[in-house]
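First residue of the sequence shown: 32, per my numbering; consecutive thereafter. Reviewing the structure listed below.
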Amino acid sequence: MELLNNTLAAKYSERALSRCKILSEISEMEGGILRQYLSKEHKACNLTVSDWMTEAGMTTWQDSVGNQWGRIVSANPNAKRLIIGSHLDTVPNAGAYDGILGVLLAVELAALVTELQIELPFHLDVVGFCDEEGTRFATTLIGSKALAGEFSPDWLALTDVNGVSMEQAMTEFGLTPNDYSSSALKPEELIAYWEAHIEQGPVLESVDQALGVVTAIAGAKRAIISFIGHSGHAGTTPMHLRKDSLAAAAEFIVSIEQLAKNSKNGEVATVGQIEAKPGATNVIPGKTLMSLDIRAQNAPDLDALLSDIRSSVEKIVEERNLAFDWQWTHQAGAVDCDEEIQQLFKSACVANSEDSPFLPSGAGHDAMAIAKVCPIGMLFLRSPKGISHHPSESVIDGDVTKALSVLYTALIKQKNASL
Ligand SMILES: [Zn+2]
32 MELLNNTLAA KYSERALSRC KILSEISEME GGILRQYLSK EHKACNLTVS DWMTEAGMTT
92 WQDSVGNQWG RIVSANPNAK RLIIGSHLDT VPNAGAYDGI LGVLLAVELA ALVTELQIEL
152 PFHLDVVGFC DEEGTRFATT LIGSKALAGE FSPDWLALTD VNGVSMEQAM TEFGLTPNDY
212 SSSALKPEEL IAYWEAHIEQ GPVLESVDQA LGVVTAIAGA KRAIISFIGH SGHAGTTPMH
272 LRKDSLAAAA EFIVSIEQLA KNSKNGEVAT VGQIEAKPGA TNVIPGKTLM SLDIRAQNAP
332 DLDALLSDIR SSVEKIVEER NLAFDWQWTH QAGAVDCDEE IQQLFKSACV ANSEDSPFLP
392 SGAGHDAMAI AKVCPIGMLF LRSPKGISHH PSESVIDGDV TKALSVLYTA LIKQKNASL
């Protein structure tokens, strides 16, 4: 049977939700949720999840960078690995579901495999990543990049706000810092990586759908752009003799918004920070710095929007006779979800009477890093009001039940296809 019994689906998904609440109590901050990489809360969380994995019939281990693993061992001597998971770390003052729910749904899926005595021709591996958010050290996706063999030895020297290096923190956690490479996965052993995650946006809610199948994880580029004009007295400098850097930035910001609105495939562009110098009421701003964050589903779309934005800034500075400077601060390429896994998830949704539209992910995820070593697929759950990274982040109980049912159907389809 490819469909999960409704009673079991409700029972196991309710337990996943109640466990999200339990993990939300393991926090570094008073009155809110914070779990950073290599903290004692990270360790306590791994131990708790490890106990639940054991209860679900899994063998468990923690890898060399601090990811938590559980496995339903296959009897097949040539078994490959199907990995399902997400992350267990959080941003400061987080919600209870971002990342966490994806891990706990995978644990419930494993518990169902044990309960229903399903024999899988592959190992079912559940992973709880140790650092997706990158809140402690100035780098993200540490756990998943280690699995992809992309842990950089330079990271060991990175320090947190208290001056503690990653190397020191790993040692205090009980890890061997120079052993990071032993976490790397062997591509020939892998079938795929699946991740269920809250959408963190308003799209599924706007179309009244519980679940969505992710097509791609958006590429992102970030830059700091400076406009250089002339400072001058606000009372004595006539309007036609001014070189106002802030007015130029303002014109540019509005043009960025318009260009992104006109883009074809849901590209987005945001100016989230701006600083005018010298920053006085009675002085024309001589220099203005602004941030730019631009995201798209694929490189050509990103480049096309970027090229329009560049043309716009060049036109504005020429007309206003100013100079500008453009510094890149971050560039990550878009990652496609595997076409076959998209179809597998879609057919599992349809089998469970869910329409489940295809949609891209505007936010980054561990799956981006894992895509280097195996095919990836992601299933999104509706985010009420699109809220995430906030205490009022939520999920609808029935959506979680549907997500578990769909993952179950996808697992059985994968099993049948692998036999
Ligand atoms: Zn997340």
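Heads up, the beta-carbon is just placed ideally off N, CA and C, and yes, glycines get one too.
- Rounded to a whole number of angstroms, what is the C-alpha to C-alpha distance between L65 and H271? Taking the first residue of the sequence shown as 1, we reach residue 65 at position 34. Taking the first residue of the sequence shown as 1, we reach residue 271 at position 240. Between the alpha carbons of L65 and H271 lies a gap of roughly 52 Å.
- Query: Roughly how far, in whole angstroms, is the beta-carbon of A241 from the beta-carbon of R413, given that I think they are within contact range, below 8 Å?
  - Reply: One-based indexing of the sequence shown puts residue 241 at position 210. One-based indexing of the sequence shown puts residue 413 at position 382. The pair is a contact, with the Cβ atoms about 5 Å apart (cut-off 8 Å).
- Which residues have their C-beta within less than 5 Å of a heavy atom of ligand 1, listed in chain order? Result: D129, G130.
- Task: Count the other CB atoms, across all protein chains shown, that sit within 10 Å of the CB of P391; report buried if there are 16 or more and exposed otherwise.
- Result: In the sequence shown, the residue the question calls residue 391 occupies position 360. The residue is buried, with at least 16 neighbouring Cβ atoms inside 10 Å.
- Item | Proximal residues to L135 (C-beta, below 7 Å), its chain only, five neighbours per side dropped | Residue mapping note: residue 135 aligns to position 104 of the sequence shown, counting from 1. A47, R50, C51, listed in sequence order.
- Message: Using a 10 Å radius around the Cβ and a threshold of 16 neighbouring Cβ atoms, would you call F283 buried or exposed?
- Response: Position 252 of the sequence shown, counting from 1, holds the residue named residue 283. With 16 or more Cβ atoms within 10 Å of its Cβ, F283 is classed as buried.
- Item | Contact under 8 Å by Cβ, K119 with M201 | As a position in the sequence shown, residue 119 is number 88, starting the count at 1. As a position in the sequence shown, residue 201 is number 170, starting the count at 1. Here the sequence assigns Leu to residue 119, which means Lys is not the residue at that position. No.
- Message: Between E288 and H396, how many whole angstroms is the CB-CB distance? I'm expecting something under 8 Å.
- Response: As a working note, residue 288 is residue 257 in the sequence shown. As a working note, residue 396 is residue 365 in the sequence shown. Distance from E288 to H396 at the Cβ level is roughly 26 Å; contact not present, criterion being Cβ atoms closer than 8 Å.
- Query: To which residues of the same chain is T301 closer than 7 Å at the C-beta, ignoring the five residues directly before and after it?
  - Reply: By 1-based counting over the sequence shown, the position of residue 301 is 270. If we look at T301 and ignore the five residues flanking it on each side, its Cβ neighbours are D324.
- Query: Going by DSSP, which residues form a beta bridge with S117?
  - Reply: To locate residue 117, count along the sequence shown from 1; it is residue 86. DSSP lists G159 as partners of S117.
- Assumed close pair A307, L353 - CB separation to whole angstroms, cut-off 8 Å: Looking up residue 307 in the sequence shown gives position 276. Looking up residue 353 in the sequence shown gives position 322. No, A307 and L353 are not in contact; Cβ-Cβ is about 13 Å, not under 8 Å.
- Message: In whole angstroms, give me the CA-to-CA distance for L417 and A179.
- Response: The residue labelled residue 417 in the question sits at position 386 within the sequence shown. The residue labelled residue 179 in the question sits at position 148 within the sequence shown. Looking at the sequence itself, residue 417 is Gly, so the reference to Leu does not match. Roughly 30 Å separates the two Cα atoms.
- Hey, I103 and L39: beta-carbon distance below 8 Å or not? Working through the sequence shown from its first residue, we reach residue 103 at position 72. Working through the sequence shown from its first residue, we reach residue 39 at position 8. In this structure, L39 does not lie closer than 8 Å to I103 by Cβ.
- Candidates L410, P422, P208, S257: closest to S347 by CA position: Your numbering for residue 347 matches position 316 in the sequence shown. For the sequence presented, residue 347 should be read as Ile rather than Ser. Taking only the C-alpha atoms, the option nearest I347 is S257.
- Among V366, Q358, G393, A265, which one has its Cα closest to the Cα of R326? By one-based count along the sequence shown, residue 326 stands at place 295. With distances taken between CA atoms, R326 lies nearest to G393 out of V366, Q358, G393, A265.
- Name the residue from V404, G408, G429, M409 whose alpha carbon lies nearest to the alpha carbon of P415. Taking the sequence shown and counting its residues from 1, one reaches residue 415 at position 384. If you compare the alpha carbons of V404, G408, G429, M409 with that of P415, the shortest gap goes to G429.
- Own chain partners of T319 with C-beta closer than 6 Å, once the 5 adjacent residues on each side are dropped: Counting from 1 along the sequence shown, the entry for residue 319 is found at position 288. Closer than 6 Å at the Cβ level, and outside the excluded window around T319, lie F258, S276, L277, A280, A307.
- Task: Would you kindly report the start and end of the unbroken beta strand (DSSP E) that includes H361?
- Result: Position 330 of the sequence shown, counted from the start, is the residue given in the question as residue 361. Segment 354-363, the beta strand (DSSP E) holding H361.
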